[in-house]
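Here the structure comes first, spelled out in structure tokens, and everything after it is commentary.
Protein chains: 4
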Amino acid sequence: MKSDPAKKGSGGTLPVAVLGATGYAGVELLRILARHPKVKLTSVTSQQYAGKRVSDVYPSLAGKCDVVLETLEPEKAAAAAEIVFAALPHETSADAVASLLTRDKRVIDLSADFRLHDAKDYDRWYKGHKAPHLLKDAVYGLTELHRKEIAGARLIANPGCYPTGAILGVAPLFAKKLARNNIVVDAKSGTTGAGRSASVDLSFSEVNENFKAYNVGVHRHTPEMEQELSEVAGERVTVLFAPHLVPMNRGILSTIYVELKSAPADGELEKLYSEFYRGEPFVRLVPPGQLPQAKDVRGSNDIAIGLRYDARTSRLVVVTALDNLVKGAAGQAVENMNVMCGWPEDEALRELALVP
Amino acid sequence: MKSDPAKKGSGGTLPVAVLGATGYAGVELLRILARHPKVKLTSVTSQQYAGKRVSDVYPSLAGKCDVVLETLEPEKAAAAAEIVFAALPHETSADAVASLLTRDKRVIDLSADFRLHDAKDYDRWYKGHKAPHLLKDAVYGLTELHRKEIAGARLIANPGCYPTGAILGVAPLFAKKLARNNIVVDAKSGTTGAGRSASVDLSFSEVNENFKAYNVGVHRHTPEMEQELSEVAGERVTVLFAPHLVPMNRGILSTIYVELKSAPADGELEKLYSEFYRGEPFVRLVPPGQLPQAKDVRGSNDIAIGLRYDARTSRLVVVTALDNLVKGAAGQAVENMNVMCGWPEDEALRELALVP
Amino acid sequence: MKSDPAKKGSGGTLPVAVLGATGYAGVELLRILARHPKVKLTSVTSQQYAGKRVSDVYPSLAGKCDVVLETLEPEKAAAAAEIVFAALPHETSADAVASLLTRDKRVIDLSADFRLHDAKDYDRWYKGHKAPHLLKDAVYGLTELHRKEIAGARLIANPGCYPTGAILGVAPLFAKKLARNNIVVDAKSGTTGAGRSASVDLSFSEVNENFKAYNVGVHRHTPEMEQELSEVAGERVTVLFAPHLVPMNRGILSTIYVELKSAPADGELEKLYSEFYRGEPFVRLVPPGQLPQAKDVRGSNDIAIGLRYDARTSRLVVVTALDNLVKGAAGQAVENMNVMCGWPEDEALRELALVP
Amino acid sequence: MKSDPAKKGSGGTLPVAVLGATGYAGVELLRILARHPKVKLTSVTSQQYAGKRVSDVYPSLAGKCDVVLETLEPEKAAAAAEIVFAALPHETSADAVASLLTRDKRVIDLSADFRLHDAKDYDRWYKGHKAPHLLKDAVYGLTELHRKEIAGARLIANPGCYPTGAILGVAPLFAKKLARNNIVVDAKSGTTGAGRSASVDLSFSEVNENFKAYNVGVHRHTPEMEQELSEVAGERVTVLFAPHLVPMNRGILSTIYVELKSAPADGELEKLYSEFYRGEPFVRLVPPGQLPQAKDVRGSNDIAIGLRYDARTSRLVVVTALDNLVKGAAGQAVENMNVMCGWPEDEALRELALVP
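Here it is in structure tokens:
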């Protein structure tokens, strides 16, 4: 079922499309795809800016990516591309995805529409699902957990930014049944996680020199975390998820509180994580005694993970850091495409973090 | 023509109203007026939030200022108050002001509608003036230059934030005819200067980790600067005004480039400024060799001024700093009220800057 | 034992001293004391800047507080003042405090030196205590919990910034024995909490556009929280404390995870908190359904508290917000002085938050 | 005199060294060189961190660039590399450079030590030059102006960050003798321009929510601007340079005020710039009516230039934007290496700006 890049596109490159290219995840896709040697952008859509060049909206792309934005017509994208990235809003993506799949395209969907296996979960946390018949075809695109299914998938549900940081942070523990099944994820995100939108609440004057919690216990990324961790654990895991807004553009730091069933031996957890993630190109375990920081991964596709067991309170604290627009969205989407096409998994994703 | 505070309000306080109280200048007015011992807030309006408590919109006011917001009806405000602060948008303020003056109220208008003496200037930089007949009654409320007229005025046109920093920075030079009549004002403002609005351009993700110039040469505050400086100079002064947006909430730093007619003697300029501003409660001249910074005045009604003459290029650089919401808006408005009522000019304005 | 303000100082004001006035807590004390009508600053010390005016170090104070900084000599401060605020580093404050108490002065110590009742706890989390014999005289200056002892105390151990937010956030629960005795405090602080120091780690280039956890499980504020909550609970409470650094200057937001012994009835917790804090001038309970934000209290002495019970995971999340330099340090210190002197508790502390 | 990359290094890569690799320009060099296909890092020094892995200091490099830092010994670097980047402090670089040149290595010096042709200028703005005999060999590495000499040079004086933005902004005007020879450069820089240093003035608490001017008229980058523009103009050009510090990490926006000898015809200036910079890979002229912003080039080697002629005041305003660590330092250094080696000028420099 793999696409054959040799047959498609000009000069052996695979034609790809991006739907919803002027949101922050969309433009990050363009930034990464523009330097991907094996693909060619053939169709790029934006409802708001159709008719303009993308570089009119994002001058940073001028001279590097000057495609003209089109209105969203899935059939046109299907005609132009073999793989389509859908970076559309939740609840509107499903229709476009369905149309693309009908036309036998492979789709990487960055919305939440196909992340939850059970349509009832979707209905509970979002609104009525528009294409529940496709859920069975969707693979949750957390590459480290589902690489094999991703390789053959026609529909990837690219994970949410928060779930990526939470799930990868504790999956080894649940795989080994070391953790009690009730964890707290206290996550802190930069503002781009909220998307590109005109809103007083997201204005600089409101966000700067401020810090807040929001949607505590009711954030829509909760069921994603529970679904994947339950699958890893083989039993129901519940997550109390408390997201916070940090006055920075990029990055999510997740502080995860886990009760272990028994105190770990010296080095036991480090060994567990290191085996679980052996060979993973984008998972970086920080040295014992250290914890990752948001800037360590800014602009890169890495996720960094640190562990601290607190013997006083018998709790493990796991801290993970990722760039919400890269590993948390566009980077992981390209990673999935690379896997789907049998390309090096880090193609176009070797960028080092932009520090300082 | 002065209001007599003893006669009005409960307990000898003067009843005042604030129209447009949920914009940033409006809420800053509330913050200052809430601690003013001689006034009582009797009417507070907000089109967007009418019916809510102001503390529902700004939780920082909870327990301190919980008035219910009303829709804008100038006659109601006129009935409830002796002095009315209008913090309404440009081009819509004039109507409300006209209605209030008809009812014999004194008005401090924070919009631009009555700042330019000549309606033709207004028409050129804004749109058709709605109450040009009132322009002759308006006093430009830069207290340091017009204290006497302010005391007796019925309509104060409260200065723009940028003009306050620019005019006070160079007025002494023009008063003494030391400067050539063509200056450059390169000003840098925090984001609250743009008001409280839902706009992608003002969102945190766009403003943070960015810096830009905007409206170079065409910003509407230009004619205010030219009007006042020309009046001080007794001849036509032109200003090239280039505003910039700084990723901070509050503060304007203006760097003003002036060609002097001749090189100044040692200490001449310091002496000039110090005499010009002698006794001024809110003008602070920084010691020779130093320059003011935005934070030095954050939250206070001060304007700080520093001078550097560059002999190599025969140019004087004047740097001024103020808080755009205080001395650049609400603080200066209350200062004007204090003058109008014969109260200590710094009543409710003695707050020290919030540093760090 | 109360000082009699009528007898001391010029014009009936009480002479006070500030030791260590150029650190951030110190300068915040000056900012507040400068507007306190019942005190007069008679001695202000700074090791680093002795001989300079404080306004040379903090231009924001120019014209408002221009005292000359002295070297630290407790006997001189004792001679000049009745109440002394010590804003000195941990582990060096005890000596100065001992000297002042010998001279019969009342001391409000902002360091950690007298916060822990048990010298062994101090030795474990800090270094060998220099004046353990004074510990029995020290009152932990969390006004809401110890108002009565504060009124008569000669030595106040002013609480740490983090403990203030954590303890007040959950004290009502422990007072009623509703909570299990093992809580998680995930706190996020602005940078001024780390003090005024030359450090690469605190430089703008490192902190901006970053977010990190630090000292997880080993932060020195942990035993303060445990001591006070255990006292309230009447049994040993343990706290897993995980502090984080936010790219903002001021503010601490604490997200506290509590397991309740049983699910609360509707409105039960709101009622409990509202009774526990009835009449408290600085505790603000936010309306049900809302959570406080850091900016809501910036520059004010308030602490805002919000509650969210998550039935899915049977956990209560308490969120508190305070300004680390005001309620978390200098403001609470002045509050304690007001209580010690029998003055209105909010004297000089009525400032509204500086928003936006 | 060109190095022959085919002969050197393992696998046909050229061995290069970086002296002073843990400063911000140094680590940016590592970030860029790590992805340069034609070079191999063979020696990396840091006085402060010798013996550690560079990824211990910058975790963002972990797994990508884990070289062990060495102490600075020019002879060792010379033995290990053909091209040496010196990112050492001003006034200490000259010695190392001299030693390297003696050993016949080609050097790209990021310090100011060889930027000024005249040792007397250096002595006036810096301190006594330590290797004035080498000044005649140094080529000022502003690629757009000196590409030919750079190709054959043994010593490149890599330009300062501010001069790069100022000189490229107005060079076309002076080349055509359109401008009067007295310009004002009002520049605004992010904090990384001040380097990685422990300093209260650069701490987050001081820089955040602040904006200031510094070194107005006396900044050391002034003579660089004057030297290069005078050379372009064929007559003495003087520059009043006023730098400012912006609360952001990366980026310089320069607003340059120029008096033209006569009013430009419509489109005349755009045409001039477009011809002057035709074919330049890193100079981007923004469309008429627009101005560049700092973020447009963040993380990229581009400089963006915008023009606005203000007929009212007969002045031209030129605005340029660059990333001070890339085009203003490390990127331009690699660009120069590419030119020296006859490689594609944009090798390893094709990165798109990291936006948002």
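Protein chains in written order, with this note's numbering: chain X, 1 to 356; chain L, 1 to 356; chain B, 1 to 356; chain A, 1 to 356. Backbone N, C-alpha and C define an ideal beta-carbon position, used for all residues, glycine too.
Under 8 Å between C-beta atoms of A98(B) and A86(B): No, the pair does not count as a contact, with Cβ atoms beyond the cut-off.
Bridge partner(s) assigned by DSSP for S111(L): In DSSP, S111(L) forms no bridge with anything.
Reference A233(A); option with closest CA among R315(A), N181(A) and L352(A): Closest by alpha carbon: N181(A).
Alpha carbon of L354(B) to alpha carbon of K295(B), nearest angstrom: For L354(B) and K295(B), the distance between alpha carbons rounds to 8 Å.
Per-residue contacts from K130(L) into chain B (C-beta, under 8 Å): Those do not exist, as K130(L) stays about 30 Å from chain B at its closest Cβ, beyond 8 Å.
Bridge partner(s) assigned by DSSP for A98(L): Answer is none; A98(L) lacks a bridge partner.
Pick from T45(X), A94(X), G51(X) and E224(X) that is closest to E73(X), judged by C-alpha positions: E73(X) has its Cα closest to that of T45(X), out of T45(X), A94(X), G51(X) and E224(X).
C-beta neighbour in chain L for E206(B), strict 8 Å: Using a CB distance cut-off of 8 Å, E206(B) does not count as an interface residue toward chain L.
Length of the line joining the Cα atoms of L30(X) and V54(B): Between L30(X) and V54(B), the alpha-carbon positions lie close to 53 Å from each other.
Closer than 8 Å to chain A by CB, K212(L): The Cβ of K212(L) sits closer than 8 Å to at least one Cβ of chain A.
Min CB distance E351(X) to chain L below 8 Å: It does not: the Cβ of E351(X) has no partner Cβ on chain L nearer than 8 Å.
Whether K188(X) touches Q293(B) by CB criterion (8 Å): If you check the CB distance, K188(X) and Q293(B) do not come in under 8 Å.
Chain B contact residues for V358(A), given Cβ-Cβ distances below 8 Å: One cannot answer for residue 358(A) here, as it falls past the ends of chain A, which runs 1 to 356.
Beta-carbon spacing of V319(L), T255(L) below 8 Å: It is a contact, given that the beta carbons lie within the stated cut-off.
Contacting residues, own chain, Cβ-Cβ under 7 Å from E226(L) (five flanking each side not counted): Within the same chain, E226(L) has close Cβ partners V237, T238 and V239.
Cα-Cα separation, V207(X) to P264(A): In this structure, the alpha-carbon of V207(X) lies about 43 Å from that of P264(A).
Element boundaries [beta strand (DSSP E), containing H244(A)]: Its beta strand (DSSP E) spans residues T238 to L245.
Three-way DSSP call (helix, strand, coil) for A353(X) in this model: It is coil, neither helix nor strand.
8 Å Cβ cutoff, H244(X) in contact with chain B: Cβ-Cβ to chain B under 8 Å: yes for H244(X).
Pair within 8 Å by beta-carbon distance, Y257(X) and Y273(B): Going by C-beta atoms, Y257(X) is not nearer than 8 Å to Y273(B).
Any chain A beta carbon closer than 8 Å to G251(L): Interface residue (Cβ-Cβ distance to chain A less than 8 Å): G251(L) is classified as such.
Q290(L) versus H221(A): straight-line alpha-carbon distance, rounded: The alpha-carbon of Q290(L) is positioned some 20 Å away from that of H221(A).
Best match in K130(L), P172(L), L245(L) and E259(L) for proximity to G190(L) [C-alpha to C-alpha]: Residue L245(L) is the option with its Cα nearest to G190(L).
G267(A) classed as buried or exposed, judged by whether at least 16 other C-beta atoms fall within 10 angstroms: Around the beta carbon of G267(A), fewer than 16 other beta carbons sit within 10 angstroms, so the residue counts as exposed.
Beta-carbon separation (whole angstroms), A242(A) vs V317(L), contact threshold 8 Å: Confirmed, about 6 Å.
Neighbour flag for A333(L) against chain A, beta carbons, 8 Å: Closer than 8 Å: no.
Proximity to A81(X) [Cα-Cα], best of A94(X), V16(X), R196(X) and S93(X): That would be V16(X), whose Cα lies nearest to the Cα of A81(X).
For D118(L), the three-state DSSP class (helix, strand or coil): Coil.
Span of the beta strand (DSSP E), counted from its first residue to its last, around R308(B): For R308(B), the enclosing beta strand (DSSP E) stretches over residues I303 to D310.
Contact set between N182(L) and chain A, taken where Cβ atoms lie within less than 7 Å: Residues of chain A passing the Cβ test: T313.
Counted within 10 angstroms of its Cβ, other Cβ atoms place K7(A) as buried (16 or more) or exposed: Since pLDDT at K7(A) reaches only 46, below the 50 mark, its modelled position is unreliable, and the value read off the structure follows with that caveat. Per the 10 Å Cβ criterion, exposed.
Backbone CA spacing between A223(L) and E144(L) [nearest angstrom]: A small correction: the amino acid at residue 223(L) is Pro; Ala does not occupy that position in the sequence shown. Straight-line Cα distance between these residues: approximately 19 Å.
Closer than 8 Å to chain X by CB, T320(B): No, its Cβ sits nowhere closer than 8 Å to a Cβ of chain X.
Cβ-based contacts, 8 Å cut-off: residues of the stretch 62-78 of chain A near chain X: So the list reads A62, G63, K64 and C65, given in the order they occur along the chain.
First through last residue of the alpha helix (DSSP H) which encompasses A50(B): Note, A50(B): premise wrong, no alpha helix (DSSP H); not H, not E.
Coil, strand or helix - V18(B) by DSSP: Strand, per DSSP.
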